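With full-length UniProt numbering, the residue at position 490 of the sequence shown is 490, and numbering never jumps.
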Amino acid sequence: MSLSSSSAASLPRMRMFDKIPSAEEFISEIEPLNVPAVFSGCIKNWKAFSQWNPSNGGLDYLQEKAGSSTVEAMLSQQAPVFYGDIRSHERVSLPFSTFIGYCKDNLCDRCDGEDSFLESKKHTLTESHTGQFEFPEQIYLAQVPILNIECTEKVQLECLREDVEMPPFLESKTISSINLWMNSAQSRSSTHYDPHHNLLCIVSGCKQVVLWPPSACPFLYPRPIYGEASNHRYHQVDSETLTIAVNFWWRSDMMSGLSDHMDSYYLRRILRRLIDKEMNQLLHLPSLVDDKIDGNQSDQPNTRVPGGVQLRQMSVLHETDQLAVSALQKLVSLVHERVNPNQPVNSTPANNLAVEGKDESNEIMKPDLFNLKDDPVALLLWTLQPLALRCVLLAMAHNFPRTLEALILLVLSPVGAEVLTRKFEEMDQLIGEEDRSQFFQIFYGVFDNQIAAMDALLNGKESFARQICVTKVRDYGEVSFTAVLSSRLKRKGMKKWSGFIFDSGWKKK
Numbered sequence: 001m002s003l004s005s006s007s008a009a010s011l012p013r014m015r016m017f018d019k020i021p022s023a024e025e026f027i028s029e030i031e032p033l034n035v036p037a038v039f040s041g042c043i044k045n046w047k048a049f050s051q052w053n054p055s056n057g058g059l060d061y062l063q064e065k066a067g068s069s070t071v072e073a074m075l076s077q078q079a080p081v082f083y084g085d086i087r088s089h090e091r092v093s094l095p096f097s098t099f100i101g102y103c104k105d106n107l108c109d110r111c112d113g114e115d116s117f118l119e120s121k122k123h124t125l126t127e128s129h130t131g132q133f134e135f136p137e138q139i140y141l142a143q144v145p146i147l148n149i150e151c152t153e154k155v156q157l158e159c160l161r162e163d164v165e166m167p168p169f170l171e172s173k174t175i176s177s178i179n180l181w182m183n184s185a186q187s188r189s190s191t192h193y194d195p196h197h198n199l200l201c202i203v204s205g206c207k208q209v210v211l212w213p214p215s216a217c218p219f220l221y222p223r224p225i226y227g228e229a230s231n232h233r234y235h236q237v238d239s240e241t242l243t244i245a246v247n248f249w250w251r252s253d254m255m256s257g258l259s260d261h262m263d264s265y266y267l268r269r270i271l272r273r274l275i276d277k278e279m280n281q282l283l284h285l286p287s288l289v290d291d292k293i294d295g296n297q298s299d300q301p302n303t304r305v306p307g308g309v310q311l312r313q314m315s316v317l318h319e320t321d322q323l324a325v326s327a328l329q330k331l332v333s334l335v336h337e338r339v340n341p342n343q344p345v346n347s348t349p350a351n352n353l354a355v356e357g358k359d360e361s362n363e364i365m366k367p368d369l370f371n372l373k374d375d376p377v378a379l380l381l382w383t384l385q386p387l388a389l390r391c392v393l394l395a396m397a398h399n400f401p402r403t404l405e406a407l408i409l410l411v412l413s414p415v416g417a418e419v420l421t422r423k424f425e426e427m428d429q430l431i432g433e434e435d436r437s438q439f440f441q442i443f444y445g446v447f448d449n450q451i452a453a454m455d456a457l458l459n460g461k462e463s464f465a466r467q468i469c470v471t472k473v474r475d476y477g478e479v480s481f482t483a484v485l486s487s488r489l490k491r492k493g494m495k496k497w498s499g500f501i502f503d504s505g506w507k508k509k
């Protein structure tokens, strides 16, 4: 068997073992890593290894031992590709001896050349007239049970069980099933993942297994999670002609330890982690641990600003603060263009935006943007260091209070709300408690309705996270978001969301 990996992300290297591990080594050092592993010589002592080889009379042995059994096989019109989903193949029953006959014909074709090939075609056509299959290469014995602890009546080849031994490193495992995989001609499986841990043992022939990591799922066109073939689209198997394999399936320790009553909890935790990771990637952030921002980044100023700084003195920017002055001018211009697109803008207090006109402001459509590069306001906020942004916001609060109000209530998009609140959280790591309190007192003091300002930030953040959730559910499960949530998220006040956002000063106490 050969194994190769194809990955959209870096993965631990596949492990090769010349020595068969003990059960203790397998449990403690191999299985928990969830990394593909190859064991050489694992089945050399099996009776199947010496007796089933088609080149050494193995087909005669199998026909004598199990030929009278009836087996269920895959019939694919797209052979040599065998798609596992139920719409792309048929399940047909045939005597195991008939399938062995197809294998013998193919073996003769390979040994005797063209004359034998023509004879085999005559045999094939004769078989088809007696109710069998016109094209034997369309038949594949896939997952024919030798052992099945969940449904013993489905076991079709129990007579072969004595030829297969339990690998010693699986002795402590509760095996769910042992299955036979056998093909008379070359075959290829569709891309899929197994619901259990899988040990694939090549008795005869050759298989090439291509592996993808779970993170590649969105790029593999996953089938809907609610469908009958939800596991199609993480590994693909190519089998050479007359390949025989046996596999063992067992539940992993992790899945065995998950109680059914915890499913909804783990689903929420995993989905929340996917959402956080995706948001960080969209905002070009490294993945954060435990939802904490590292305030000691190399491009940040000193770790903390000394306490007692009079923030009101910082409300007027000096001409020497060129970056902050330029950012302030651009931000005021962007807000003004959004709210009053037909009026010129000057960076003077006299040009302060008036948003008290409720009828006029209600007609302004708040941008529904989720991509940082599509939103000039969010992008500007993101390019500013936290302390520089603090200076800009303080200057706006002092000189352009209505423009600041318009920014938060009318202009800030979902991605903009996420960016701004993340900057607030970074500020918290750099300033003392007193300065933090003063800053947010000045910031929220601009608004006639401070609760409305808080709602605008929360609603924007939740809208951004909701869109990411929709994307992740679609990418990993091919599910419409309406199929996951019975109704749209409702606004239920600040207490409802206190567990979903950072405990930061920007949340009005």
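The beta-carbon is built from N, C-alpha and C at its ideal position, and this holds for glycine as well.
Bear in mind that the values here come from a model prediction, so they are computed numbers and not experimental data.
Can you tell which of Ser413, Leu409 and Gln429 has its C-alpha closest to the C-alpha of Arg390?
Gln429
What ranges does the beta strand (DSSP E) occupy inside the stretch 45-105, keeping only unbroken runs of at least 3 residues that lie completely in it?
70-75 and 90-95
Contacting residues, own chain, Cβ-Cβ under 7 Å from Gln51 (five flanking each side not counted):
Gly58, Tyr61 and Asp163
Pair within 8 Å by beta-carbon distance, Ile139 and Phe99
yes
Could you check what DSSP says for Lys19 in three-state terms: helix, strand or coil?
coil
Can you tell me whether Cys201 is helix, strand or coil according to DSSP?
strand
Residue nearest to Tyr221 in terms of C-alpha spacing, selected from His192, Glu240, His197 and Gln438
His192
Just how far apart, CA to CA, sit Lys19 and Arg161?
25 Å
Count the other CB atoms, across all protein chains shown, that sit within 10 Å of the CB of Arg436; report buried if there are 16 or more and exposed otherwise.
buried
Once you ignore the five residues that flank Asn106 on each side, which residues in its own chain have a CB closer than 7 Å to its CB?
Ser184, Ala185, Thr241 and Leu242
When you compare only the Cα positions, how much space is there between Val339 and Ala417?
17 Å
Any non-hydrogen atom of the ligand MG closer than 7 Å to Pro167 Cβ
Judged by which ligands are present, the structure shown has none, so any question about the ligand MG falls away.
Which residues mark the beginning and the end of the alpha helix (DSSP H) in which Ile442 is found?
Glu433 to Gly445
Residue burial classification, Thr383 (beta-carbon count within 10 angstroms, cutoff 16):
exposed
On the CB-based measure, 16 or more other CB atoms within 10 Å of its CB, does Ser177 come out buried or exposed?
buried
Could you check the C-alpha separation between Pro401 and Val446 for me, to the nearest Å?
6 Å
Using alpha carbons as the reference points, say which of Ser189, Leu267 and Leu407 lies closest to Leu328.
Leu407
Could you have a look at residue 514 and say whether DSSP puts it in helix, strand or coil?
For residue 514 there is no data in the structure shown, the boundaries of the chain being 1 and 509.
Could you tell me whether the Cβ atoms of Ala453 and Tyr444 are closer together than 8 Å?
yes
Is there contact between the stretch 151-161 and the stretch 79-90, where contact requires at least three CB pairs shorter than 8 Å?
no
With Leu170 and Leu200 assumed to form a contact (beta carbons below 8 Å), what rounded beta-carbon distance in angstroms separates them?
Contact doesn't hold; Cβ gap of about 13 Å is too wide.
Asp163 lies in the beta strand (DSSP E); which residues open and close that run?
No beta strand (DSSP E) contains Asp163, which DSSP labels as neither H nor E.
State the CB to CB distance for the pair Ser204 and Ile244, rounded to an integer number of angstroms; the pair is presumed to be in contact (CB under 8 Å).
4 Å
Spatial neighbours of Phe26 within its chain, please: CB distance less than 8 Å, with the 5 preceding and 5 following residues excluded, ordered by chain position.
Phe169 and Leu170
When burial is assigned at 16 or more other CB atoms within 10 Å of the CB, is Lys44 buried or exposed?
exposed
Cβ neighbour criterion (16 or more within 10 Å) applied to Pro145
buried
Measuring only the C-alpha atoms, how far is Pro301 from Ala465?
Bear in mind that the predicted position of Pro301 carries a pLDDT of just 38, short of 50, making it unreliable; the figure below should be weighed with that in mind. The straight-line gap from Cα to Cα measures roughly 29 Å.
So, for Ser69: in the same chain, excluding its five sequence neighbours on each side, which residues have a beta-carbon less than 8 Å away from its beta-carbon?
Pro95, Phe96, Gln156, Leu157 and Cys159
Ile442 and Ile275: beta carbons closer than 8 Å?
no
Taking Cβ to Cβ, would you say Ala73 is nearer than 8 Å to Val92?
yes
Chain-order list of residues whose beta-carbon lies under 6 Å from that of Pro167 (same chain, five-residue window excluded):
Cys42
Count the other C-beta atoms from every protein chain shown that fall within 10 angstroms of the C-beta of Arg188, then say buried if there are 16 or more, exposed otherwise.
buried
For Arg188, name the three-state secondary structure that DSSP assigns.
strand
What number of angstroms, rounded off, separates the C-alpha of Val325 from the C-alpha of Arg273?
38 Å
What would DSSP say about Trp382, mapped onto helix, strand or coil?
helix
What does the alpha-carbon distance come out to for the pair Lys496 and Ser413?
The pLDDT assigned to Lys496 is 33, lower than 50, so where the model puts this residue is not dependable, and the model offers no usable value.
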